[in-house]
Amino acid sequence: AQTVTQSQPEMSVQEAETVTLSCTYDTSESNYYLFWYKQPPSRQMILVIRQEAYKQQNATENRFSVNFQKAAKSFSLKISDSQLGDTAMYFCALAYGGATNKLIFGTGTLLAVQP
Amino acid sequence: DTGVSQDPRHKITKRGQNVTFRCDPISEHNRLYWYRQTLGQGPEFLTYFQNEAQLEKSRLLSDRFSAERPKGSFSTLEIQRTEQGDSAMYLCASSPPGTSHTDTQYFGPGTRLTVL
Chain R
442 AQTVTQSQPE
452 MSVQEAETVT
462 LSCTYDTSES
472 NYYLFWYKQP
482 PSRQMILVIR
492 QEAYKQQNAT
502 ENRFSVNFQK
512 AAKSFSLKIS
522 DSQLGDTAMY
532 FCALAYGGAT
542 NKLIFGTGTL
552 LAVQP
Chain U
114 DTGVSQDPRH
124 KITKRGQNVT
134 FRCDPISEHN
144 RLYWYRQTLG
154 QGPEFLTYFQ
164 NEAQLEKSRL
174 LSDRFSAERP
184 KGSFSTLEIQ
194 RTEQGDSAMY
204 LCASSPPGTS
214 HTDTQYFGPG
224 TRLTVL
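Going down the list, the sequences are from chains R and U.
For what it's worth, our numbering labels the leading residue of the first sequence as 442, then goes sequentially.
For what it's worth, our numbering labels the leading residue of the second sequence as 114, then goes sequentially.
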């Protein structure tokens, strides 16, 4: 079975500081993808960053970067220079190819950026 | 491109009534997904369409649930004889065919269902 675990239900960070959200996963598949999605309050879920498991280089998107540790099955998200607009629920998700590519989500981490 | 749209955004119904939700995916996206998200949880997969074919259904999708995508464009999700446990946010997502980002899903705003 594929599982995604986010052990931090809530986190808080001061504006302009850096925060890291944790995610661990379990899969027996060799070909899979990992994602961080952001769900702002009362707004739709949007993709933050994606990582192909076969790539050793960690993905980066502007202020967002990941630390992908394949052997440890760990996929953390680092947000640099946090902004008020980063306040949201963050979900880690796994898709393992095949015909469906359905996403398996963690339970989410609610991030509050304080002014 | 206007993104994935869902209608209605909110639905309040009484237990035992039938409800139907609609999802319009991004143009040219042939893959369409339905998820359900309950309070405090991540979304859970319900069903998947590739074009008009429903290729996978979750065990969460009881026989009261039915989904269609008749022409491979928009999709509908119907819940018959609603129960209070059906109260949740129903999310639709789509992804493109045959590109390196086939795996990336784009989500709609969701339909929030409240069953009284």
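Glycine is no exception: its CB is placed at the ideal position from the N, C-alpha and C atoms.
In the displayed model, L525(R) falls within a helix according to three-state DSSP.
Counting the other CB atoms within 10 Å of its CB gives D199(U) a total of 16 or more, which places it among the buried residues. Short of 7 angstroms from the beta carbon of A457(R), and not among the five residues preceding or following it, lie these beta carbons of its own chain, in chain order: D522, S523. Annotation: the region 471 to 520 of chain R contains the following complete segments of the beta strand (DSSP E) (minimum length 3 residues), in chain order: 474 to 480, 487 to 493, 505 to 510, 515 to 520.
Here DSSP, grouped into helix, strand and coil, assigns D467(R) to strand. Looking at the backbone, the Cα of S469(R) and that of P556(R) are separated by about 42 angstroms. Per DSSP, S200(U) has no beta-bridge partner at all.
Chain R places no beta carbon closer than 8 angstroms to that of P210(U), leaving this residue out of the contacts. Contact of M452(R) with chain U is not assigned, every C-beta pair being separated by 8 angstroms or more. Rounded to the nearest angstrom, the Cβ distance from K127(U) to L229(U) is 5 angstroms, consistent with a contact under 8 angstroms. Only residues of its own chain outside the window of five on either side were considered, and among them W147, Q167, E169, K170, S171, L174, A180 have a CB closer than 7 angstroms to the CB of T160(U), listed in chain order. Identification of residues in the region 467 to 493 of chain R having a C-beta nearer than 8 angstroms to some C-beta of chain U yields Y474, F476, Y478, R484, Q485, M486, I487, L488, R491, given in sequence order. Membership of Y148(U) in the beta strand (DSSP E) is indicated by the continuous run 144 to 150. Per DSSP, L552(R) is one residue of the beta strand (DSSP E) stretching across 550 to 555.
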